[in-house]
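If you read the sequence shown in the UniProt record's numbering, its first letter stands for residue 1, the second for the next number, and so on.
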Amino acid sequence: MKVSPTERGVAFLAMLSFFWASTILLQDQLLALFAAVASVVYVFDLSRLLLDARRLVLEVRGEPVQEVWVWERPGFEVLAGLFFEPVGLPAWLAVGDVEARGRVLAYRFEAAFKYSGVYSVEKITARVYSRLGLFELLEEVPVGVTFRVKPATLLWLQRALALLGVGGSFKAAVPQEALSQVVYLRSTPEEYVGSREYQPGDDLKFIDWKSTARRQLLFVKEFRGGFGFQPLLVFDLRCTGPYTCDAVASAVLSLAVGLVSHGVQASGVYETDTGRFFSFNTTQGLLAYVVGRVLESRIVEELDIYEFIEPQTIDEIRGVLKKVAGLNPGFGAQEGTLAHGNVVYVTSLLHATGEVLDFASRVARSGGILSLVVPAEPWLDARDDVEAERVKSSFHKATRKLSSLGVNVFLCRKEIQKTLVIEPSI
C-alpha cells in the first residue's frame, strides 16, 4: 500500500502551512482557528481513506487457467467495496464493465489478444482517491489468472482433419458455429445456364426470385463465365510474425475447408515459391495437400500448434494425408497456369510485395480475375510504434496499387462470432 497527496492535497498542505505560519507570526486567533479546522479536515480525509482501503477488494473471481481462442474475450471479476481506478494494465487487458451489486461493485476485466500465446495477470494496481481528493492510495491486488490463447489456425486444422477423418486426434472441440464466411469468388457471368441454391460468396444481385418464391429457399441464377469457373488456389505461407502467420494459415485452411464443405472442385493449387502446379482428383485431395503444407511450415512452430496436438498422432495424420491427397504435380509457364481465370491468392503481402505485384500484373495480362486475401492488420507484429506506422503505411500503399491493377483485395479478420471473416478492403 502506498499513500501520497494529490495535486489538490499538495495545494491544501501549502495553504495549511501558510495558516500556521501566519498564526505563529501574527498571533491571530482567527487564523489559528482556520488552521486548526483545516488540519482536522486534512487528517480526517487521510484517516477515512485508510479505513476505506480495508474493504477495497473483497474477492477475485475467475478460473486461474483459461484456455481460449484468439478471437474470444475472456476475463475475470474483481468484487470491491468501493470505487477504484486500475492503473498500469497491460495493453491487452481493460475494464469492460462495472456493475453495482448492492453495496459491492463488480469490475469485469476483459482481455483482447493480438495473437496466440500465454498471457498472465499476476496482480493489478488499484488507485483510490480520498473523499476530498487530497490523497491517493495505490494498492496491489493479487489476481493470478493465466490465459492460454489458441491460434485460429488450430481451429481450421481441426475442421480440416475432421473432414479427412482424423478429427478425433485433438483435445479441444471445434465450435459448431465456426464456418467459413467467403469461400471463393465467381467469374463474370456471360451465359445463363440455370439456377441453384445460394452459397456463401454468391453475388446477391443474381438472386432468382421466381425459384426462391417457389421453393422457399434462396436461389441464384447460374452463369457460365468466359473463362475457367473453378477457382485456382494460390498461397504463400511465408509470414513475419505470430499474427500474420495465423492469419495466412487460417485463410488458406478456411478456403480449402469451404471448398470441400460446399462441394466445389478447385482447378488446383499453385505454389508461388516453386512455380509448381498441382491438380487433384477430389476436393479432399486439395484439402489434404493444404493441411500437409501448413503442418510442414514454420507456422506450426511459430504458433505452438503441437502444444494442442497429441504427439503420437502426427504420424497418423501425415499417413492419412498421403493416402487422401492423390495429387498430380505439373510444371509449366506461369502464364499458362494463370489462364484458369479465377485465381484466389493468399499471402502476407509485405514480405514480398514486388512478387505479388508482378503476379497481379500477369493475371491481368492473361485476362483473369485475381482475388487477394491478406491479413487485415499486419502491423500488429511490429516491434514498436515506429515500425508499426511504417508497416501500416506500406500496407495501405500496396493494397491501393493492387486495387488499381484490378485486384479484389480482401482482408482476413477474426470476429467474436468465431468465424474467419473475409471482407473487401476500403
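Note that CB positions come from ideal geometry on N, CA and C, so glycine has one too.
Coarse secondary structure for residue i, derived from DSSP in three states
{"i": "residue 486", "result": "Here the chain comprises residues numbered 1 to 426, so residue 486 is not present and cannot be evaluated."}
{"i": "S254", "result": "helix"}
{"i": "P378", "result": "helix"}
{"i": "T399", "result": "helix"}
{"i": "G133", "result": "coil"}
{"i": "G285", "result": "helix"}
{"i": "T125", "result": "strand"}
{"i": "L138", "result": "strand"}
{"i": "Y119", "result": "strand"}
{"i": "Y198", "result": "coil"}
{"i": "residue 448", "result": "This structure cannot speak to residue 448, because the chain is shown only from 1 to 426."}
{"i": "T146", "result": "strand"}
{"i": "V269", "result": "strand"}
{"i": "S371", "result": "strand"}
{"i": "L357", "result": "helix"}
{"i": "R383", "result": "coil"}
{"i": "C239", "result": "coil"}
{"i": "K210", "result": "helix"}
{"i": "S348", "result": "coil"}
{"i": "K392", "result": "helix"}
{"i": "S279", "result": "strand"}
{"i": "K114", "result": "coil"}
{"i": "L405", "result": "coil"}
{"i": "V291", "result": "helix"}
{"i": "V264", "result": "coil"}
{"i": "L411", "result": "strand"}
{"i": "L259", "result": "helix"}
{"i": "L218", "result": "coil"}
{"i": "L157", "result": "helix"}
{"i": "L26", "result": "helix"}
{"i": "L163", "result": "helix"}
Neighbourhood of residue i by C-beta, 7 Å cutoff - its chain only, sequence neighbours within 5 removed
{"i": "A111", "result": "R73, P74, G75, W92, L93, Y119, F147"}
{"i": "I299", "result": "T153, L237, C239, C245, A249"}
{"i": "V121", "result": "L93, V143, V145"}
{"i": "G9", "result": "L134, F135"}
Straight-line Cα distance separating residue j from residue i
{"i": "D246", "j": "P151", "result": "6 Å"}
{"i": "E67", "j": "P142", "result": "20 Å"}
{"i": "residue 465", "j": "K392", "result": "Summary: the structure shown does not reach residue 465, with the chain confined to residues 1 through 426, and so no result is reported for it."}
{"i": "D45", "j": "L30", "result": "23 Å"}
{"i": "Q312", "j": "V57", "result": "Low per-residue confidence applies at Q312: pLDDT is 41, beneath 50, and the placement is therefore not dependable enough to give any value."}
{"i": "S254", "j": "V343", "result": "16 Å"}
{"i": "T212", "j": "V264", "result": "22 Å"}
{"i": "F19", "j": "G62", "result": "51 Å"}
{"i": "R159", "j": "H262", "result": "14 Å"}
{"i": "W86", "j": "K397", "result": "According to the sequence shown, residue 86 is Pro rather than Trp. If you take the alpha carbons of P86 and K397, they lie about 39 Å apart."}
{"i": "A251", "j": "A376", "result": "11 Å"}
{"i": "G241", "j": "L380", "result": "9 Å"}
{"i": "Y184", "j": "V260", "result": "Per-residue confidence for Y184 stands at a pLDDT of 42, beneath the threshold of 50, marking its modelled position as unreliable; the derived number appears in the next sentence. Computed Cα separation, rounded: 12 Å."}
{"i": "R127", "j": "L295", "result": "47 Å"}
{"i": "T125", "j": "L164", "result": "49 Å"}
{"i": "P175", "j": "L161", "result": "At P175 the pLDDT is 45, less than 50, meaning the model places this residue with poor confidence; the figure from the coordinates comes in the next sentence. The alpha-carbon atoms of P175 and L161 are separated by roughly 14 Å."}
{"i": "A11", "j": "R101", "result": "36 Å"}
{"i": "A178", "j": "E140", "result": "Any answer about A178 is weak, because its pLDDT of 40 lies below 50 and its placement is not dependable; what the coordinates show is given next. Going from the Cα of A178 to the Cα of E140 covers about 39 Å."}
{"i": "A32", "j": "V43", "result": "16 Å"}
{"i": "V149", "j": "V65", "result": "11 Å"}
{"i": "L13", "j": "A38", "result": "9 Å"}
{"i": "R54", "j": "L26", "result": "42 Å"}
{"i": "D28", "j": "S4", "result": "31 Å"}
{"i": "S17", "j": "A36", "result": "11 Å"}
{"i": "R48", "j": "V41", "result": "10 Å"}
{"i": "M15", "j": "R131", "result": "19 Å"}
Sequence-distant residues of its chain with Cβ nearer than 6 Å to residue i (five each side left out)
{"i": "A360", "result": "L370, L402, L405, V407"}
{"i": "R238", "result": "H351"}
{"i": "Y129", "result": "E136"}
{"i": "K2", "result": "L138"}
{"i": "F34", "result": "F19"}
{"i": "A388", "result": "W379, A382"}
{"i": "Y243", "result": "K114, Y115, L380, D381"}
{"i": "S22", "result": "L31"}
Expected contact under 8 Å - CB spacing of residue i and residue j to nearest Å
{"i": "L157", "j": "V291", "result": "7 Å"}
{"i": "E59", "j": "L79", "result": "4 Å"}
{"i": "A256", "j": "L287", "result": "5 Å"}
{"i": "L155", "j": "W69", "result": "7 Å"}
{"i": "F235", "j": "V346", "result": "4 Å"}
{"i": "F84", "j": "V95", "result": "Between V95 and F84 the Cβ distance is about 10 Å, and since that is not below 8 Å, they are no contact."}
Neighbour flag for residue i against chain B, beta carbons, 8 Å
{"i": "V220", "result": "The structure shown contains no chain B, having only a single protein chain."}
Cutoff 8 Å; reference residue i; Cβ partners in own chain excluding five residues on either side
{"i": "P90", "result": "Y119, V121"}
{"i": "F219", "result": "S195, R196, E197, Y198, I207, D208, S211, T212"}
{"i": "R103", "result": "G81"}
The ligand GDP heavy atom lying under 7 Å from the CB of residue i
{"i": "G81", "result": "As presented, the structure is devoid of all ligands, the ligand GDP included, so that no description of it is given."}
**Prompt:** Unbroken alpha helix (DSSP H) runs of length 4 or more, entirely within the region 28-112: which are they?
**Reply:** 29-52
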